[in-house]
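Per our numbering: the sequence shown = residues 145 to 395. Ideal Cβ placement from N, Cα and C applies to all residues, glycine included.
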Amino acid sequence: MVATSAGTGGMPAAARSRSGGVPTLVLAAHGTRSAAGERTLAELAAVIRRQRPGRRVELAYLEISRPLLRDVLPVVPGPVVVVPLLLAGGYHVHVDLPAVLAGHRPDALMAAPLGPHGLLTSALTRRLGRAGLRRTDAVILGAAGSSDPSALADVRAAAHRLAVRLGRPVTAAFASAGTPTLAEALERVRSGPARRVAVASYVLAPGFFHGRLLAAGADLVTDPLGADPDVASLVWSRYDEAALAPRAATA
Numbered sequence: 145m146v147a148t149s150a151g152t153g154g155m156p157a158a159a160r161s162r163s164g165g166v167p168t169l170v171l172a173a174h175g176t177r178s179a180a181g182e183r184t185l186a187e188l189a190a191v192i193r194r195q196r197p198g199r200r201v202e203l204a205y206l207e208i209s210r211p212l213l214r215d216v217l218p219v220v221p222g223p224v225v226v227v228p229l230l231l232a233g234g235y236h237v238h239v240d241l242p243a244v245l246a247g248h249r250p251d252a253l254m255a256a257p258l259g260p261h262g263l264l265t266s267a268l269t270r271r272l273g274r275a276g277l278r279r280t281d282a283v284i285l286g287a288a289g290s291s292d293p294s295a296l297a298d299v300r301a302a303a304h305r306l307a308v309r310l311g312r313p314v315t316a317a318f319a320s321a322g323t324p325t326l327a328e329a330l331e332r333v334r335s336g337p338a339r340r341v342a343v344a345s346y347v348l349a350p351g352f353f354h355g356r357l358l359a360a361g362a363d364l365v366t367d368p369l370g371a372d373p374d375v376a377s378l379v380w381s382r383y384d385e386a387a388l389a390p391r392a393a394t395a
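#1: Out of 204, 292, 194, 275, point me to the one whose CA is closest to residue 237's CA.
#2: May I ask you to verify whether the segment 278-286 touches the segment 238-252, counting CB pairs closer than 8 Å and requiring at least 3?
#3: So residue 316 and residue 299 are supposed to be a Cβ contact under 8 Å. How far apart are they, rounded?
#4: How close, in whole Å, do the beta carbons of residue 368 and residue 184 come, if the pair is a contact with beta carbons under 8 Å?
#5: Using a Cβ-Cβ cut-off of 6 Å (strictly less than) and excluding sequence neighbours within five positions of residue 207, which residues of its own chain qualify?
#6: Hey, how far is the Cα of residue 353 from the Cα of residue 234?
#7: Return helix, strand or coil for residue 383, following the three-state DSSP convention.
#8: According to DSSP, is residue 346 part of a helix, a strand, or is it coil?
#9: Taking the alpha-carbon of residue 253 as reference, which of 228, 287, 211, 273 has the nearest alpha-carbon?
#10: State the Cα-Cα distance for the pair residue 224 and residue 173, rounded to the nearest angstrom.
#11: Kindly give me the distance between the Cβ atoms of residue 357 and residue 303, rounded to whole angstroms, as I take these residues to be in contact under 8 Å.
#12: Do you know offhand how far residue 205's Cα is from residue 334's?
#13: Which word fits residue 273, buried or exposed, when buried means at least 16 other C-beta atoms lie within 10 angstroms of its C-beta?
#14: Quick one, which of 387, 259, 340, 362 has its alpha-carbon nearest residue 296's?
#15: For residue 228, does the three-state DSSP call read helix, strand or coil?
#16: So for residue 286, helix, strand or coil by DSSP?
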């Protein structure tokens with residue numbers, strides 16, 4: 145076990161000593177045309193900062209919203225860890241984000257995407273409870289979707305985790321690329337015994353994809369994961385994993 149010291153917000157000493165200081169956390173979100181979505185991501189960044197007071201945290205975007213990641217990375221001093229605010233792998237994780245880092249901050253460390261993870265399962269379960277989930281409701285995990293099979297597999301793994309937590313089947317369905325579509329999943333689930341169908345929104349913030357989940361015709365749709373404390377804790381967990389990885393590789 146790596147030792148930690150007081151006043152460092154949980155950063156192991158090995159990671160603090162590497163590269164001359166505690167790395168700045170740079171949050172890499174996709175970007176949205178939704179003002180409510182941008183506010184939600186800013187609120188999440190605020191929760192993340194409160195969990196480790198005094199630590200530098202920057203929120204940036206791959207596209208659409210500002211500031212852009214490619215503009216933020218070159219001006220951040222010292223070591224940097226970039227945590228994707230993305231719930232699954234896919235093009236942005238495997239191609240887009242590494243290309244931005246290679247072109248604008250090749251020394252930065254890149255963390256894994258957020259999902260799947262038990263902390264997201266906890267946040268989804270709370271959202272369902274607040275939305276009024278009943279024991280007899282069928283549940284769909286509604287995600288954006290991707291053309292990347294590994295991203296779809298990540299979402300299906302998240303659905304399995306949620307099914308275990310809830311003690312009932314959970315179907316992963318997609319608002320864009322991927323099968324089953326939301327419409328297909330709803331049709332399939334409604335042919336069963338459940339009188340109501342709940343969609344657990346596997347999105348971080350309001351915007352285009354959450355709008356599609358709301359319009360799909362389910363009996364209840366949860367709010368996005370948003371500025372949930374467990375999501376913030378997961379961001380720090382991904383940050384710590386990435387910061388320690390180079391040290392572990394040379395140990």
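Answer, in terms of the structure:
#1: 292
#2: no
#3: 5 Å
#4: 7 Å
#5: 175
#6: 16 Å
#7: helix
#8: coil
#9: 228
#10: 16 Å
#11: No, residue 357 and residue 303 are not in contact; Cβ-Cβ is about 14 Å, not under 8 Å.
#12: 38 Å
#13: exposed
#14: 259
#15: strand
#16: strand
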